[in-house]
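Data first, discussion second: the structure below is written as structure tokens.
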Amino acid sequence: MLKGLAGITAAFVFGVLAGDPQDIPPPKENYDEETLCVEPVEDMRRQHFEYILDHRDKTVVEGIRTKQYSLIGCIDCHITPNEEGVYARYSQETHFCASCHQFAAVRIDCFQCHADRPAEAIQKAQESDTSVQRPVQELRETLELSNSAFNR
Amino acid sequence: MRYTLDTTEEISTERRSFTQGLAALGGLAIAPGVFLYATADAKPDDQAVSSQQRWGMLVDTNSCSEDCSACVSACNEENGLWSLGRPETDAQWIRKLNVKDRQTGHVTSMPMMCQHCEHPPCVDVCPTGASFRREDGIVLVNKHTCIGCRYCMMACPYKARSFIHEPLQDQLPHSPRGKGCVESCTLCVHKVDRGDNNTACAEACASEGHEALLFGDLNDPESEISKQLEKHGGTQIRSDLGLNTGVYYQGI
Numbered sequence: 158m159l160k161g162l163a164g165i166t167a168a169f170v171f172g173v174l175a176g177d178p179q180d181i182p183p184p185k186e187n188y189d190e191e192t193l194c195v196e197p198v199e200d201m202r203r204q205h206f207e208y209i210l211d212h213r214d215k216t217v218v219e220g221i222r223t224k225q226y227s228l229i230g231c232i233d234c235h236i237t238p239n240e241e242g243v244y245a246r247y248s249q250e251t252h253f254c255a256s257c258h259q260f261a262a263v264r265i266d267c268f269q270c271h272a273d274r275p276a277e278a279i280q281k282a283q284e285s286d287t288s289v290q291r292p293v294q295e296l297r298e299t300l301e302l303s304n305s306a307f308n309r
Numbered sequence: 002m003r004y005t006l007d008t009t010e011e012i013s014t015e016r017r018s019f020t021q022g023l024a025a026l027g028g029l030a031i032a033p034g035v036f037l038y039a040t041a042d043a044k045p046d047d048q049a050v051s052s053q054q055r056w057g058m059l060v061d062t063n064s065c066s067e068d069c070s071a072c073v074s075a076c077n078e079e080n081g082l083w084s085l086g087r088p089e090t091d092a093q094w095i096r097k098l099n100v101k102d103r104q105t106g107h108v109t110s111m112p113m114m115c116q117h118c119e120h121p122p123c124v125d126v127c128p129t130g131a132s133f134r135r136e137d138g139i140v141l142v143n144k145h146t147c148i149g150c151r152y153c154m155m156a157c158p159y160k161a162r163s164f165i166h167e168p169l170q171d172q173l174p175h176s177p178r179g180k181g182c183v184e185s186c187t188l189c190v191h192k193v194d195r196g197d198n199n200t201a202c203a204e205a206c207a208s209e210g211h212e213a214l215l216f217g218d219l220n221d222p223e224s225e226i227s228k229q230l231e232k233h234g235g236t237q238i239r240s241d242l243g244l245n246t247g248v249y250y251q252g253i
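Chains as they are written, first to last, in the numbering used here: chain A, 158 to 309; chain B, 2 to 253.
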């Protein structure tokens, strides 16, 4: 009983720490001065997936590329470098999306295909590579680290 | 033999401007500021693509060099198609073909990619509706609905599609791709929607000095591709299948 209680307490404390906003770099800019995000923040916390789900079909099928509910827009604004200039990955709890998803025990697969960092972060990571064909061994290693949950 | 008569071009120009005039009049009659007829400029972000455009490509195989693969590297770079070191399963959106005529010994070199058919077999066979043809003629895979069954890969007469076998990382923001989905040439749809009016492969071919690839709107009679096709004609590969491809070849 005591053990179970300790476990729950630990999980709760860990959960709160995982979502600690102090560890997460602040967004780049406010989309709107009044609502702060693309919709009021309270609304975004509860409904953001509805907005991007609706928008993704419009983008893929109809070619509508407005910025308001675009996933690239979310990532561009919310994923900023920390003090050391490092962009968090979705596999880390300091990633804006992951910080909450980990706390709420939500598992999404957006970032298996979509970039979890803005274009400049990916470009920065690639600058060390001299060619498009990246060293195979190095790529395999990074893949196994970050995608261990999805590996065969 | 419509290309041998000098007068043909003149006549068709007249017909064209007459039709354009009619279209413009129609547009004016509906509402001020609303035009039914528009040229292939960048569309506003909030506007859906329409069948006013039909994007296509013209490949001049006589200008295509046998030992050049700039289009392939440009495509890989633009869309983040990094090799995983196993060429058999690496994604391939565009590839180079060298075809030798045994009779004459002449080698024809050409790039091969998704032909963006008007009646695409990949769309016919897709069980989930993930394979689809956008209003402006670009054939795409909606990876949100793709279950990776690969029927489309078998149905495609051009062997244009690839399947992603392994988890990927560092995909480019404009080109999301991942394990378990089929993918193919998107005709640089992100560039088209941005209004670049060109593809990465065609840009690379031009900067190599070959200019064998020409991207444009087949529906716009004033576009360079339509003018070239009207003047010199073009061949659709496997036109016997009646797919009406958006990619035309010259010199084959």
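For every residue, glycine included, the Cβ atom is placed at its ideal position computed from N, Cα and C. All figures in this text were calculated on a predicted structure; none of them were measured in a lab.
Span of the beta strand (DSSP E) holding residue i?
| i | result |
| --- | --- |
| B/GLN251 | 248-251 |
| B/ASP61 | 56-61 |
| B/LYS1 | Not covered by the structure: residue 1 of chain B. The range shown for chain B is 2 to 253. |
| B/PRO122 | Unbroken run through B/PRO122 is the alpha helix (DSSP H), 122-126; no beta strand (DSSP E). |
| B/SER110 | 108-114 |
Got a sec, what are the start and stop residues for the alpha helix (DSSP H) residue i sits in?
| i | result |
| --- | --- |
| B/ARG195 | 190-195 |
| B/GLY149 | It is not in any alpha helix (DSSP H) - B/GLY149 carries neither H nor E in the DSSP assignment. |
| B/SER74 | 71-80 |
| A/LEU210 | 198-214 |
| B/LYS176 | Lys is not the amino acid found at residue 176 of chain B; the sequence shown has Ser there. That residue, B/SER176, is in no alpha helix (DSSP H); it is neither H nor E in DSSP. |
| B/GLN172 | Neither: B/GLN172 is in no alpha helix (DSSP H) and is coded neither H nor E. |
| B/ALA92 | Segment: none, B/ALA92 is in no alpha helix (DSSP H) and carries neither H nor E. |
| A/ASP233 | 228-235 |
| A/GLN280 | 276-284 |
| B/ALA203 | 201-208 |
| A/GLN225 | Premise fails: A/GLN225 is in no alpha helix (DSSP H) and is neither H nor E. |
| B/GLN104 | Looking at the DSSP string, B/GLN104 is not in any alpha helix (DSSP H), and its letter there is neither H nor E. |
| A/CYS270 | 267-270 |
For chain A, find out if any of its Cβ atoms is closer than 8 Å to the Cβ of residue i; answer yes or no.
| i | result |
| --- | --- |
| B/ASP46 | yes |
| B/PHE133 | yes |
| B/ALA71 | no |
| B/GLN237 | no |
| B/ASP171 | yes |
| B/LYS160 | no |
| B/ASP68 | no |
| B/VAL50 | yes |
| B/PRO177 | yes |
| B/ALA39 | Note that B/ALA39 scores 45 on pLDDT, short of 50, meaning its location in the model is unreliable; the coordinates nonetheless yield the value given after this. Not closer than 8 Å to any Cβ of chain A, the Cβ of B/ALA39 fails to qualify, so no. |
| B/ASP194 | yes |
State the beta-bridge partners of residue i as determined by DSSP.
| i | result |
| --- | --- |
| A/PHE253 | Answer by DSSP bridge pairing: none, since A/PHE253 is not bridged. |
| B/GLU184 | B/SER163 |
| B/VAL140 | B/ARG134 |
| B/PHE254 | No information on residue 254 of chain B is available, as it lies outside the stretch 2 to 253 that chain B covers here. |
| A/LEU193 | A/ASP189 and A/PRO197 |
| B/THR236 | B/TYR250 |
Quick one: what's got a C-beta closer than 6 Å to residue i's C-beta in the same chain, skipping five residues either side?
| i | result |
| --- | --- |
| A/PRO182 | THR237 and ASN239 |
| B/GLY65 | For the record, residue 65 of chain B in the displayed sequence is Cys; it is not Gly. Once the five neighbours on either side are set aside, the close Cβ partners of B/CYS65 are SER110, MET111 and ALA213. |
| A/ARG203 | none |
| A/CYS234 | PRO184 and LYS185 |
| B/ASP241 | none |
Who are the near neighbours of residue i in its chain, counting only those whose CB is closer than 8 Å to its CB and skipping five residues on each side?
| i | result |
| --- | --- |
| B/GLU204 | ALA75 |
| B/ALA156 | PRO122, CYS123, ASP125 and VAL126 |
Counting contacts by CB-CB distance shorter than 8 Å, is residue i in contact with chain B?
| i | result |
| --- | --- |
| A/CYS270 | yes |
| A/ILE265 | no |
| A/ILE209 | no |
| A/VAL198 | no |
| A/ALA276 | yes |
| A/ALA245 | no |
| A/GLY242 | no |
| A/GLU284 | no |
| A/ARG222 | yes |
| A/ILE236 | no |
| A/GLU250 | no |
Kindly list, in the order they appear in chain D, the residues whose Cβ is closer than 8 Å to that of residue i.
| i | result |
| --- | --- |
| A/ARG213 | Included in the structure are the protein chains A and B, with no chain D among them. |
Please return the same chain residues whose Cβ sits closer than 7 Å to the Cβ of residue i, not counting the five positions on each side in sequence.
| i | result |
| --- | --- |
| B/ARG55 | ASP137, GLY138, ASP218, LEU219, ASN220 and GLY247 |
| B/GLU225 | LEU215 and GLY217 |
| B/CYS186 | TRP94, ILE95, MET114, CYS115 and ALA161 |
| B/CYS189 | GLU79, THR200 and ALA201 |
| B/THR90 | HIS166 |
Does any heavy atom of the ligand COA sit closer than 7 Å to the C-beta of residue i?
| i | result |
| --- | --- |
| B/SER84 | Among the components modelled here there is no ligand, and therefore nothing to report on the ligand COA. |
- Task: Evaluate contact between the region 49-64 of chain B and the region 200-219 of chain B, counting only Cβ atoms and requiring at least three cross-stretch pairs below 8 Å.
- Result: With the cut-off at 8 Å, the region 49-64 of chain B and the region 200-219 of chain B touch.
- Can we say the region 181-196 of chain B touches the region 132-145 of chain B, given the rule of at least three CB pairs closer than 8 Å? Yes, since at least three Cβ pairs between the region 181-196 of chain B and the region 132-145 of chain B fall closer than 8 Å, the two stretches touch.
- Is the region 62-77 of chain B touching the region 158-165 of chain B, taking contact as three or more C-beta pairs under 8 Å? Touching, no.
- Message: Taking contact to mean 3 or more Cβ pairs, one atom from each stretch, closer than 8 Å, check whether the region 109-118 of chain B and the region 242-249 of chain B are in contact.
- Response: At 8 Å Cβ cutoff, the stretches touch.
- Message: Does the contact criterion of 3 or more C-beta pairs under 8 Å hold for the region 209-225 of chain A versus the region 44-51 of chain B?
- Response: Yes, the region 209-225 of chain A is in contact with the region 44-51 of chain B.
- Task: Would you check if there are 3 or more beta carbon pairs closer than 8 Å linking the region 165-181 of chain B to the region 99-111 of chain B?
- Result: Taking a cut-off of 8 Å for Cβ pairs, the region 165-181 of chain B and the region 99-111 of chain B do not touch, as fewer than three such pairs fall below it.
- Please confirm if the region 230-237 of chain B is in contact with the region 78-96 of chain B, defined as three or more CB-CB distances below 8 Å between the two stretches. Result no; under three Cβ-Cβ pairs closer than 8 Å.
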